[in-house]
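Participant: Protein chains in written order, with my numbering: chain A, 37 to 645; chain B, 37 to 645.
Glycine is no exception: its CB is placed at the ideal position from the N, C-alpha and C atoms.
Number of protein chains: 2
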Amino acid sequence: MYFSSWLSQLYRGLSRPIRRTTQPIWGSLSRSLMLSSQRRNPEYSSFVVRTNTCGELRSSHLGQEVTLCGWIQYRRQNTFLVLRDFHGLVQVIIPQDESAASVRKILCEAPMESVVQVSGTVISRPAGQENPKMPTGEIEIKVKTAELLNACKKLPFEIKDFMKKTEALRLQYRYLDLRSFQMQYNLRLRSQMVMKMREYLCNLHGFVDIETPTLFKRTPGGAKEFLVPSREPGKFYSLPQSPQQFKQLLMVGGLDRYFQVARCYRDEGSRPDRQPEFTQIDIEMSFVDQTGIQNLIEGLLQYSWPNDKAPVVVPFPSMTFAEALATYGTDKPDTRFGMKKYLKRKDIESIRKFSADHFDQEILPVFLNTNRNWNSPVANFIMESKRPELIRLMETQEEDVVLLTAGEHNKACSLLGKLRLECADLLETRGVVLRDPTLFSFLWIVDFPLFLPKEENPRELESAHHPFTAPHPSDIHLLYTEPKKVRSQHYDLVLNGNEIGGGSIRIHNAELQRYILATLLKEDVKLLSHMLQALDYGAPPHGGIALGLDRLICLVTGSPSIRDVIAFPKSFRGHDLMSNTPDSIPPEELKPYHIQVSWPTDSRAAKTH
Amino acid sequence: MYFSSWLSQLYRGLSRPIRRTTQPIWGSLSRSLMLSSQRRNPEYSSFVVRTNTCGELRSSHLGQEVTLCGWIQYRRQNTFLVLRDFHGLVQVIIPQDESAASVRKILCEAPMESVVQVSGTVISRPAGQENPKMPTGEIEIKVKTAELLNACKKLPFEIKDFMKKTEALRLQYRYLDLRSFQMQYNLRLRSQMVMKMREYLCNLHGFVDIETPTLFKRTPGGAKEFLVPSREPGKFYSLPQSPQQFKQLLMVGGLDRYFQVARCYRDEGSRPDRQPEFTQIDIEMSFVDQTGIQNLIEGLLQYSWPNDKAPVVVPFPSMTFAEALATYGTDKPDTRFGMKKYLKRKDIESIRKFSADHFDQEILPVFLNTNRNWNSPVANFIMESKRPELIRLMETQEEDVVLLTAGEHNKACSLLGKLRLECADLLETRGVVLRDPTLFSFLWIVDFPLFLPKEENPRELESAHHPFTAPHPSDIHLLYTEPKKVRSQHYDLVLNGNEIGGGSIRIHNAELQRYILATLLKEDVKLLSHMLQALDYGAPPHGGIALGLDRLICLVTGSPSIRDVIAFPKSFRGHDLMSNTPDSIPPEELKPYHIQVSWPTDSRAAKTH
């Protein structure tokens, strides 16, 4: 019987006052530029007809003749017009004199979101009409010439951030949704963070950016891999879930330090907030140990972190898998928060119900009052004399609530871990801010088990991560006696309760790799014969890591979904709603690939379509 | 009847003395580093156990205690050992004294290509034993400790550049082939050139690096697209040949300047020196014209060009498609060479035979002697009085040979273009160097036709490039009267006779796009309804280009094949010879995708396999 008492400890964590992240408004679009211009000054108007961007004009440009290109965001009384480009908004004065009739006609008649080119002079706004909320609010443009570059039809929704749209609509008209401040900001931040990562890896630390194939062979046990039929009957490529084999083979090939912003594929059917194709920052190094990789990644994140975010503090704390499970009930704890004692008595009932409904598990609350009496149904079952000892172990204070449960270690811990998040949700609905979105709590989780019992047959083993993970040096002898107890040299990087990366030191000894694959995992070694052979031919010790770029950028930008940091994401069912993808293919186009559709019996009608 | 006389002009081109490119040797491995260290000084030994790379040690390191990791390249009389890493070679002295017996044992017994770690002191080589051909030739390592990190089994071939290997063997053991100087050099140069391109685009000119999906919808007429079955019966994704639609939609989305190092797919079956997946530098800009894109690309190539190559001279010359065809008989002329009068009489016979055999076309040579008499079978058919006029037109000089042919313009020009290259091959086998591999002749080809007659039905039209290409502004009126005569705003970039890039200004007007798709090309507009809709909603004028990265790096490095600049290329039949890809898939793994194999009747036997 196992009693878990971590919740009481967490209750005493800090909940600091939160800086509310306000919804950005169009007027502050130039923030997106600042991200880069703080470091460099890209020329945004090179090679094109415009002289300036809309968003960059300030009082320092007064008197300049400028040519701008942009979208008509807003028009008032045929007098003012607000022109928008990716960089921001600027106010344009529509000329009223008779000689400018043609210019006025163009600017007054063009529908909203039409694309125009205007030339004119930067002038001061009349005193009192400055707009301090708008970066270009001190100036306006006195137009001399205008050209309608493209007229816009009636839009399905307005390009304004405060307009609420369903996500399906946003995805169907993605090219319109991309005009929003938030999407522009997210995609530009992503581009700039990746660029800084490249500078760190390639320019500062001698990594080589190497592209690896995506048309590859299926991996043993590689369900979830998309198939690509070839022109040879019955032969298929697979789209790999990661460049794992290639990155290791590059180390065998003496490339020493590899990285790639790698496109990966995973066919998981419908899972919320997953994408069938995703991107990882993929890294491998020779002659490195776990600490080396961790230092590299801490430096990488620190170097590439956006200037407008709370800075990254290194080194990141580290915790073993066992400790994380026992303390937080998960291998990806959100360490931004402990808990505060805001739970009410009726909350406890809803928590007990939640755990009974979702996990078929009984939860026993213990309320500690000032005289440390146990106000709990469990009190009777625990000897009076043992209680002070338990209270000491649980480090409780008065007014704490302790949630106890009993059962198998992993299961009990997982439940309590989920209850902890459930409590956090509950408290946040009450207005208690526990998880500050502007805080970034990184954490390494280490010393994972090397193997897990197979779900379908718990007597057999499967790799906890993948079969190339090296065992912990202290546990190698256990491989031959108690393999279930072997810890691995795998490490996960956790940010705010999300796994954003994982990697390991790899096996470089062919015999050890063969023993694990054939004897312990009972895999078909033939599918990996090239890997085993490569290890025989002078493979250096090596290790690496992969960071999930979509998730990382999602957390950095505080986006509700990874779909908000991907230009053209698929829906949760794997569809592109804009182009109607995937789509039917005429049977004659299947012929060269020697495949035909096996229509399910109940949808035979669809075949005739 | 059309007489072509360009060959005589070309004969008078310059053939300059050539700098022979010598086969690089292992001793000069550090060249690969210089490429980057001229610009930056990456730390190659951060985060790892080694203190230095093998290749970097010089006299300036004398007396330093160093730890090195590398492969045993060579051992002599149990006294010296040459250690190799990606950076170069260094000589290690095997200690001979009794106290170092264990170190000696390790270093003397480890097979060649085993991986070792050694620690010791950098000392001077004894006077007279320096090796000036080796960058580390002034020093050697006096070893104190050594560790065998991994032993190597007997290799299928030696890791030495002068060892000739078949390409099949190189591809089967790609991880060993990657250890060669040339592959290390090629992949590192590729990484560095791409990095510089990114700096130019992203940091200097405000481009946004945006990843676009590779699981997409088939394009109209999109044969050559790999299919990816989805879990919905009869529904397929396609792997697109380029991000064409997405890059245009990004412009509609106001992203302004997009680039991506984009993975693209093309299923062409077996074509020499093509790959089923390849990489392009993909670029799109709003509010730009043809000149803008050309200036951008010239700057891009100049900025990213390796320092150890002949510099890129800008602007690049430009030539219309019509002119290129008439003058060079191709749309990708190699402008490195004209021709010199080295042809012998018997060569002419072989050229006539070549053109008869390969093109079913008669060639008439004209030899001009000192008195300008026509020594040719064609002489009798051309009036004496017309000859001076022809000689003037052809700008011939005495001792020139003119090759004449007659026929339909395109066909006659193409033949002569191929003969020009054939003559160049012929002359080069005689030792006349016409095509200096260290010279880089860039050329823009512009004013392509917008449409071509369909091969299978010449009365119908197809896009010469793709249906989004904008017509030449001067020819728009012809769209409605003589569409075959319309020139496009497409441009190709040619380097040394290879097309390395192509792009165009796109159509941004929905009506024009609809007319071209539906009326002229008779395409199924439904497949592209999202594109047409996007153009309706305020699409800015835009254009772009894509550079073929594999081909470009191949030319820059002077590699015989693009397979030499790709880490893990497929064979010309689309196979990965290392891992045996593509491979058979058990039928139960096809089930989730609702497909089955259609076995060809004559290979039914294979099914039972």
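#1: Count the C-beta pairs between the segment 130–138 of chain A and the segment 159–174 of chain A that are closer than 8 angstroms, then say yes if the count reaches three, no if not.
#2: What distance in whole Å lies between the Cβ atoms of Val154 (chain B) and Asn186 (chain B), which are believed to be in contact at a cut-off of 8 angstroms?
#3: What does a CB cutoff of less than 6 angstroms around Leu237 (chain A) pick up in its chain, not counting 5 residues either side in sequence?
#4: Strictly below 9 angstroms CB to CB, what residues from chain B border Trp341 (chain A)?
#5: Is there at least one Cβ from chain A nearer than 9 angstroms to Leu457 (chain B)'s Cβ?
#6: Does Trp635 (chain A) come within less than 9 angstroms of chain B when only Cβ atoms are used?
#7: What's the C-alpha gap between Asp436 (chain B) and Pro577 (chain B)?
#8: So, at 8 angstroms on beta carbons, what are the nonlocal neighbours of Glu496 (chain A) in its own chain, with the 5 sequence-adjacent residues on each side left out?
#9: Does the separation of the CB atoms of Arg94 (chain B) and Glu176 (chain B) fall below 9 angstroms?
#10: What residues in the segment 438–456 of chain A bring their beta carbon closer than 7 angstroms to a beta carbon of chain B?
#11: Taking 8 angstroms as the limit between beta carbons, can you name the residues of its chain near Leu223 (chain A), skipping five residues before and five after?
#12: Bridge partners for Ser354 (chain B) per DSSP, in chain order?
#13: Between Arg2 (chain A) and Asp472 (chain A), how many whole angstroms is the CB-CB distance? I'm expecting something under 8 angstroms.
#14: Going along the chain, which residues of its own chain have a beta-carbon closer than 7 angstroms to the beta-carbon of Pro503 (chain A), five neighbours each way excluded?
#15: What residues of chain A sit near Lys253 (chain B), judged by a beta carbon separation below 8 angstroms?
#16: Under 9 angstroms, CB to CB, which of the residues in the segment 266–280 of chain B have a partner in chain A?
#17: Just to confirm, does Ser81 (chain B) get its C-beta within under 8 angstroms of one of the non-hydrogen atoms of the ligand MG?
#18: Taking the Cβ atom as the reference point for each residue, do Thr486 (chain A) and Thr505 (chain A) lie within a distance shorter than 9 angstroms?
#19: For Cys188 (chain A), return the contacting residues in chain B, with the cut-off set at a CB-CB distance below 8 angstroms.
#20: Looking at chain B, is there any beta carbon in it that lies within less than 9 angstroms of the beta carbon of Cys647 (chain A)?
#21: Is there a Cβ from chain A that is less than 9 angstroms from the Cβ of Phe478 (chain B)?
#22: May I ask you to report which of helix, strand or coil DSSP gives His578 (chain A)?
#23: Does the CB of Ser595 (chain A) have a neighbour CB from chain B at under 9 angstroms?
#24: Who are the neighbours of Gln632 (chain A) on chain B, taking C-beta pairs under 9 angstroms?
#25: How would you label His611 (chain A), buried or exposed, when you count the other beta carbons within 10 angstroms and need 16 or more for buried?
#26: Please confirm if the segment 178–194 of chain B is in contact with the segment 301–317 of chain B, defined as three or more CB-CB distances below 8 angstroms between the two stretches.
#27: Is the separation between the beta-carbon of Gly533 (chain A) and that of Gly580 (chain A) shorter than 9 angstroms?
#28: What residue range does the beta strand (DSSP E) around Glu176 (chain B) cover?
#29: Starting from His241 (chain A), find everything on chain B with Cβ-Cβ shorter than 7 angstroms and list it in chain order.
#30: Is the Cβ of Gly91 (chain A) closer than 9 angstroms to any Cβ of chain B?
#31: Within 10 Å of its beta-carbon, does Lys141 (chain A) have 16 or more other beta-carbons around it, so buried, or fewer, so exposed?
#32: Among the candidates A:Arg267, A:Pro519, A:Asp121 and A:Ala500, whose CA atom is the shortest distance from the CA of Ile631 (chain A)?
#33: Determine, using beta carbons only, whether Cys105 (chain A) comes closer than 9 angstroms to chain E.
#34: Using C-beta distances below 7 angstroms, list every residue in its chain close to Met233 (chain A), excluding the 5 sequence neighbours before and after it, in chain order.
#35: Helix, strand or coil for Ala442 (chain B), going by three-state DSSP, please let me know.
Facilitator: A quick look at the data gives this:
#1: no
#2: Working through the second sequence from its first residue, we reach residue 186 (chain B) at position 150. Working through the second sequence from its first residue, we reach residue 154 (chain B) at position 118. Between Val154 (chain B) and Asn186 (chain B) the Cβ distance is about 14 angstroms, and since that is not below 8 angstroms, they are no contact.
#3: For the purposes of this step, residue 237 (chain A) is taken as residue 201 along the first sequence, with counting starting at 1. Result list for Leu237 (chain A): Phe243 and Phe295, in chain order.
#4: Residue numbering aside, residue 341 (chain A) sits at position 305 when the first sequence is read from its first letter. Going along chain B, no residue has its Cβ under 9 angstroms from Trp341 (chain A), so there is no contact; the nearest lies around 17 angstroms.
#5: Taking the first residue of the second sequence as 1, we reach residue 457 (chain B) at position 421. Leu457 (chain B) does not count as touching chain A.
#6: One-based indexing of the first sequence puts residue 635 (chain A) at position 599. Yes, Trp635 (chain A) counts as interfacial toward chain B.
#7: For the purposes of this step, residue 436 (chain B) is taken as the residue at position 400 of the second sequence. For the purposes of this step, residue 577 (chain B) is taken as the residue at position 541 of the second sequence. Asp436 (chain B) and Pro577 (chain B): Cα-Cα distance of roughly 50 angstroms.
#8: Sequence index remark: in the first sequence, residue 496 (chain A) carries index 460 (1-based). So the list reads Pro489, Lys490 and Lys558, once near-sequence residues are dropped.
#9: What you label residue 94 (chain B) is simply residue 58 of the second sequence in a count that begins at 1. What you label residue 176 (chain B) is simply residue 140 of the second sequence in a count that begins at 1. No; because the gap between Cβ atoms is not below 9 angstroms, this pair is not in contact.
#10: none
#11: Position 187 of the first sequence, counted from the start, is the residue given in the question as residue 223 (chain A). So the qualifying residues of the chain are Leu214, Val601 and Ala603.
#12: Here residue 354 (chain B) refers to the residue found at position 318 of the second sequence. Per DSSP, B:Trp480.
#13: Residue 2 (chain A) lies beyond the range of chain A shown here (37 to 645); nothing can be said about it.
#14: For the purposes of this step, residue 503 (chain A) is identified with residue 467 of the first sequence, where counting begins at 1. Taken in chain order, the residues that qualify are Ile552, Leu553, Leu557 and Glu559.
#15: Reading the second sequence from its first residue, position 217 is the one you call residue 253 (chain B). Within 8 angstroms Cβ-Cβ: Asp612, Ser615, Asn616, Thr617, Pro618 and Asp619.
#16: Ser266, Arg267, Glu268, Pro269, Gly270, Lys271, Phe272, Tyr273, Ser274 and Leu275
#17: Absence of the ligand MG is noted for the structure shown, with no ligands found whatsoever.
#18: Here residue 486 (chain A) refers to the residue found at position 450 of the first sequence. Here residue 505 (chain A) refers to the residue found at position 469 of the first sequence. First, the residue type needs correcting, since residue 486 (chain A) is Leu and not Thr in the sequence shown. Yes; because the gap between Cβ atoms is below 9 angstroms, this pair is in contact.
#19: Taking the first residue of the first sequence as 1, we reach residue 188 (chain A) at position 152. Neighbours of Cys188 (chain A) on chain B, chain order: Asp572, Tyr573 and Gly574.
#20: Shown here, chain A extends from 37 to 645; a query on residue 647 (chain A) therefore has no answer.
#21: Position 442 of the second sequence, counted from the first residue, corresponds to residue 478 (chain B). Not one chain A Cβ lies under 9 angstroms of Phe478 (chain B).
#22: Here residue 578 (chain A) corresponds to residue number 542 of the first sequence, with the count starting at 1. It is a strand residue.
#23: In the first sequence, counting from the first residue as 1, residue 595 (chain A) sits at position 559. By this cut-off, Ser595 (chain A) is not an interface position.
#24: As a first step, residue 632 (chain A) is located in the first sequence; it is residue number 596 there, counting from the start. Chain B residues near Gln632 (chain A): Ile631, Gln632, Val633 and Ser634.
#25: As a first step, residue 611 (chain A) must be located in the first sequence, where it is residue number 575. It is buried - the Cβ of His611 (chain A) has at least 16 other Cβ atoms within 10 Å.
#26: no
#27: Taking the first residue of the first sequence as 1, we reach residue 533 (chain A) at position 497. Taking the first residue of the first sequence as 1, we reach residue 580 (chain A) at position 544. Taking 9 angstroms as the Cβ cut-off, Gly533 (chain A) and Gly580 (chain A) do not qualify as a contacting pair.
#28: Stepping through the second sequence from its first residue, residue 176 (chain B) is reached at position 140. Note, Glu176 (chain B): beta strand (DSSP E), Ile175 to Asn186.
#29: The sequence position of residue 241 (chain A) within the first sequence is 205, counting from 1. By Cβ distance, chain B contributes Pro78, Glu79 and Ser82.
#30: Counting from 1 along the first sequence, the entry for residue 91 (chain A) is found at position 55. Output row for Gly91 (chain A): interface = no.
#31: As a position in the first sequence, residue 141 (chain A) is number 105, starting the count at 1. Looking at its Cβ environment, which holds fewer than 16 other Cβ atoms inside 10 Å, Lys141 (chain A) is exposed.
#32: Here residue 631 (chain A) refers to the residue found at position 595 when the first sequence is read from its first residue. Ile631 (chain A) has its Cα closest to that of A:Arg267, out of A:Arg267, A:Pro519, A:Asp121 and A:Ala500.
#33: Absent from the structure: chain E. Protein chains present are A and B.
#34: Walking along the first sequence from the start, residue 233 (chain A) turns up at place 197. Here the set comprises Ile317, Leu336 and Ser340.
#35: Against the second sequence, residue 442 (chain B) aligns to sequence position 406. If DSSP states are grouped into helix, strand and coil, Ala442 (chain B) belongs with coil.
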